[in-house]
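Residue numbers for the sequence shown follow this note's numbering, beginning at 26 and rising by one. Remarks on the structure that follows.
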Amino acid sequence: MKILVINCGSSSLKYQLFEMDNEKVLAKGIVERIGINGSVLTHKVGSEKFIKETPMNNHTDAIKYVIEALVDKEHGVISHLSEINAVGHRVVHGGERYSKSAIVNDEVLSDLEDLSKLAPLHNPANIIGIKACRELMPNVPMVIVFDTSFHQTMPKNAYMYAIPYEIYEKYGVRKYGFHGTSHDYVAHKAAEFLGKNIEDLKIITCHLGNGSSLCAVDGGKSIDTSMGFTPLEGIAMGTRSGDIDPAVIPFLVKETGKDIDEILNILNKQSGVLGLSGVSSDFRDIEAAKDEGNERAKLALEVFCYRVKKYIGAYIAALGGIDVIVFTAGVGENGPYTRKECCRGLEFLGIKLDDELNKVRGELKEISTEDSKVKVLVVPTDEELMIARDTKALTS
């Protein structure tokens, strides 16, 4: 069974084609600058890379060129479009309606349109990708996998905000959480790696990248997570502020003369470690600047790691103990310095890193000392594989 996984952004599209009999990636790639001058498709098969630069006015154009790349006689991996048995789509927000993945139909698409008000930056692009695929592959079953689904097991006292209850009832204002596919995958992968039943484990998963979130996983279920109503809540991130006093927003509107949308743009795209350091949103650049004596870069990393450490402590309390801490995503998988600083000072809780083992990058490995009471792991995430698995389960 061959499954195509699609992840659409507003001007980009990532894809992977899986052979699900052995869960092998046959091909993968990215289309960038959709609807913008300089549209380009980068298609990879193993170590081989093919680049196509051509105008792509919309996502339908982009998906058409993806299909052409997949069936190309020289660098393709299938002979005909009919070999694709199903398509899995990543959608950021499923609201309270979707606690599980869903097969695409007109009713589900209508729900997604309605849910776009909860994720105006993400869901519309996801919907465009789904509609484009349906147009080009009308007879192929499609599945939506939601970033929010994994967190639908959170208890009400964890996801409710202390605001008038009727605001929650009328407008759905509550914590939803994101990165759910990643948190779900790495938690189960950690249990598998340790040879333990996930139902017996208390795990904190740290998805640290340009967008970052932590999740408290009890017996395989999310009981709390750091992102909230939007992906802006939580720890400081690449360009997002994370937790902030909400009164800051009207204060800045009044003092700067900017409107709310402009202030939110600052908090989403100009803040986080980028805003603090003035250097970059890329942690590699910030670490390099720190090593050269840049004090603001040093401060940005200290703020980031301190916020992660605070959430780890909070989630140990929420879980009533801790067995495993997992680091994943771009920084979590490839940042020995960040991992060390996030765990520094937590030795009293039985969390001890082995400096030599912690040098690992992008590899599944235990990095805690032999006498550490808590296992600390690096687990590379694979959200696309999780989407493919859900798609197979629903369409087989």
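Ideal Cβ positions, reconstructed from N, Cα and C, are used throughout, including at glycine. In this text, all values refer to a predicted model and were calculated from it rather than measured experimentally.
Delimiting residues of the beta strand (DSSP E) encompassing residue i
i    : result
E78  : 73-78
E44  : 38-44
M411 : That residue, M411, is in no beta strand (DSSP E); its alpha helix (DSSP H) goes 408-420.
K49  : 49-57
T250 : 246-250
H68  : 65-70
Distance CB(residue i)-CB(residue j) smaller than 9 Å
i    : j    : result
G263 : F308 : yes
G205 : D172 : yes
R386 : N359 : yes
V328 : S237 : no
G34  : A150 : yes
L371 : I337 : yes
N235 : S306 : yes
A216 : L226 : yes
I169 : L137 : yes
L257 : V333 : no
E121 : Q177 : yes
V102 : L51  : yes
L66  : K53  : no
Distance, residue j Cα to residue i Cα
i    : j    : result
M26  : S421 : 9 Å
D131 : M252 : 30 Å
N82  : I28  : 26 Å
E312 : K98  : 44 Å
D139 : T255 : 16 Å
V129 : E395 : 48 Å
P361 : N164 : 47 Å
D46  : K365 : 39 Å
A157 : H208 : 29 Å
V278 : L289 : 10 Å
S124 : N62  : 39 Å
V349 : L219 : 10 Å
R414 : M179 : 23 Å
A314 : K323 : 8 Å
I152 : V112 : 14 Å
S247 : I347 : 14 Å
D407 : E191 : 38 Å
T416 : E409 : 10 Å
K221 : T250 : 23 Å
V425 : F175 : This structure gives no information on residue 425, because the portion of the chain shown stretches from 26 to 421.
E108 : K39  : 20 Å
N32  : E73  : 22 Å
A187 : D284 : 26 Å
S393 : N110 : 42 Å
D380 : K335 : 22 Å
L326 : D310 : 11 Å
G259 : K294 : 15 Å
P275 : G282 : 10 Å
P405 : V351 : 10 Å
First through last residue of the alpha helix (DSSP H) which encompasses residue i
i    : result
K156 : 148-161
L219 : 205-219
G357 : 354-359
D86  : 84-96
K181 : 181-184
K279 : 273-281
Collapsed DSSP secondary structure at residue i in the structure displayed
i    : result
N32  : strand
Y123 : coil
K365 : helix
V298 : helix
L140 : helix
G338 : helix
V198 : coil
S393 : strand
R321 : helix
A314 : helix
R332 : helix
S238 : strand
H176 : helix
A111 : strand
K377 : coil
L257 : coil
D286 : helix
D131 : helix
D422 : The structure shown does not extend to residue 422, since the chain is modelled only from 26 through 421, so no value can be given for it.
L371 : coil
Cβ separation of residue i and residue j, assumed to be a contact under 8 Å, to the nearest whole Å
i    : j    : result
T363 : T230 : With a Cβ gap of about 15 Å, T363 and T230 do not count as contacting.
L239 : Y331 : With 8 Å as the limit, L239 and Y331 do not qualify as a contact, their Cβ atoms being about 13 Å apart.
V298 : A261 : 6 Å
H147 : H118 : 7 Å
I412 : V70  : Contact flag wrong, Cβ pair sits at about 20 Å.
L161 : I59  : Going by Cβ atoms, the distance from L161 to I59 rounds to 15 Å, so no, they are not a contact pair.
K200 : Y184 : 4 Å
H100 : F75  : 5 Å
E388 : V403 : 7 Å
I55  : S37  : 6 Å
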